[in-house]
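Residue numbers (our numbering), protein chains in the order written: chain L, 134 to 278; chain X, 134 to 278. In this text, a Cβ means the ideal position worked out from N, Cα and C, and glycines have one as well.
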DNA sequence: ATACCACTTGCAACTGACTTGCAAGTACTT
DNA sequence: AAGTACTTGCAAGTCAGTTGCAAGTGGTAT
Ligand SMILES: [Mn+2]
Ligand SMILES: [Mn+2]
Ligand SMILES: [Zn+2]
Ligand SMILES: [Zn+2]
């Protein structure tokens, strides 16, 4: 996913059905610049001196999530993390429980998994979403464990 | 997993390295009786008139989790859910986003997934845990959607 | 059976993520 | 340029989960 210019960001936001406001542009630009999911605090800090209220950031992320622009993940740190969502390239995260280091991986085989779940259950009609994360130890932490 | 008698429960708790106290017996007995993961509130309520402080329940579940007796899952409802963990029979949950109905499914292929992640990443040495849940619509909610 | 003590519990106060209500501000339409 | 529906920011609130500590108790040693 290449980094779009400011003009394009506005287009993305409008296409999603929102007004291209400064806070939304700042949040979206920040998300384009990160390698791994960021927390609300990291987003607010990362936006720089253009202060955007945390309530606004929460609302923006909620809205972006609702239209599929953003994915929310749970690293079991007691808060949510967010990154841009690329539906065409499903990926997940492995998190070090020692130092919180994160890396991506692919290959969860979502479609097959969804089929499996639907055929095993009797009460479900469709799968709309999934969450998957692996927890482990990084090369550094595995030594000190 | 069949339901053990009170005596056996005490043995399970002691084998895990804890004293077989009344609150721990009550929590463990309750967890043996549920079909799907329960929240802290549900556990406290479910325990019945033997009131156990919620702090105690939190601490018990944390301890049981640490020794692998209990699994914690995230249904994205803003709180944690707990159930007994059976390491030999890995299973996951599909949750209806309309009505919170839950069912189990198996077949996440954990070992293969862990291998995949380790070979794709450069900084990780081992996978120790995983979380996976599917979200979807149940037969009832899919009609009203 | 009793005494002991490390482990547990319960209460109260606290933390921190996230939400809500509402008045003031602003992006887009006309 | 004006109008209006959509957004934002502030303050206050909610609620899951945590912390400190004094009182209670299970398991063990006498
Ligand atoms: Mn990622
Ligand atoms: Mn289950
Ligand atoms: Zn690490
Ligand atoms: Zn449903």
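Closer than 8 Å, CB to CB, is residue i near chain X or not?
| i | result |
| --- | --- |
| residue 232 (chain L) | no |
| residue 194 (chain L) | no |
| residue 216 (chain L) | no |
| residue 207 (chain L) | yes |
| residue 250 (chain L) | yes |
Using the beta-carbon count (16 or more within 10 Å), is residue i buried or exposed?
| i | result |
| --- | --- |
| residue 191 (chain L) | exposed |
| residue 188 (chain L) | exposed |
| residue 171 (chain X) | buried |
| residue 218 (chain X) | buried |
| residue 269 (chain X) | buried |
| residue 182 (chain X) | exposed |
| residue 212 (chain X) | exposed |
| residue 228 (chain X) | buried |
What I want to know is whether the C-beta of residue i ends up closer than 7 Å to one or more non-hydrogen atoms of ligand 2.
| i | result |
| --- | --- |
| residue 215 (chain X) | no |
| residue 244 (chain X) | no |
To the nearest angstrom, how far is it from the Cα of residue i to the Cα of residue j?
| i | j | result |
| --- | --- | --- |
| residue 180 (chain X) | residue 141 (chain X) | 18 Å |
| residue 263 (chain X) | residue 197 (chain L) | 27 Å |
| residue 177 (chain L) | residue 153 (chain X) | 47 Å |
| residue 261 (chain L) | residue 271 (chain X) | 11 Å |
| residue 207 (chain X) | residue 274 (chain L) | 25 Å |
| residue 173 (chain X) | residue 165 (chain X) | 15 Å |
| residue 225 (chain L) | residue 216 (chain L) | 11 Å |
Run the proximity test for residue i: is its beta-carbon closer than 7 Å to any non-hydrogen atom belonging to ligand 6?
| i | result |
| --- | --- |
| residue 169 (chain L) | Ligand 6 is absent from the structure shown, which contains only ligand 1, ligand 2, ligand 3 and ligand 4. |
What do you reckon, is the C-beta of residue i under 7 Å from a heavy atom of ligand 4?
| i | result |
| --- | --- |
| residue 261 (chain L) | no |
Could one say the Cβ of residue i lies closer than 8 Å to chain L's Cβ atoms, at least one of them?
| i | result |
| --- | --- |
| residue 247 (chain X) | yes |
| residue 259 (chain X) | yes |
| residue 279 (chain X) | A query on residue 279 (chain X) cannot be resolved here, the shown segment of chain X reaching from 134 to 278 and no further. |
| residue 256 (chain X) | yes |
| residue 227 (chain X) | yes |
Does the distance between the C-beta of residue i and the nearest non-hydrogen atom of ligand 1 fall short of 7 Å?
| i | result |
| --- | --- |
| residue 106 (chain L) | No statement about residue 106 (chain L) is possible, as the shown extent of chain L runs from 134 to 278 and does not include it. |
Is there contact here, the region 240–256 of chain L with the region 150–167 of chain X, by at least three beta-carbon pairs under 8 Å?
Contact between the region 240–256 of chain L and the region 150–167 of chain X is absent, because fewer than three Cβ pairs lie under 8 Å.
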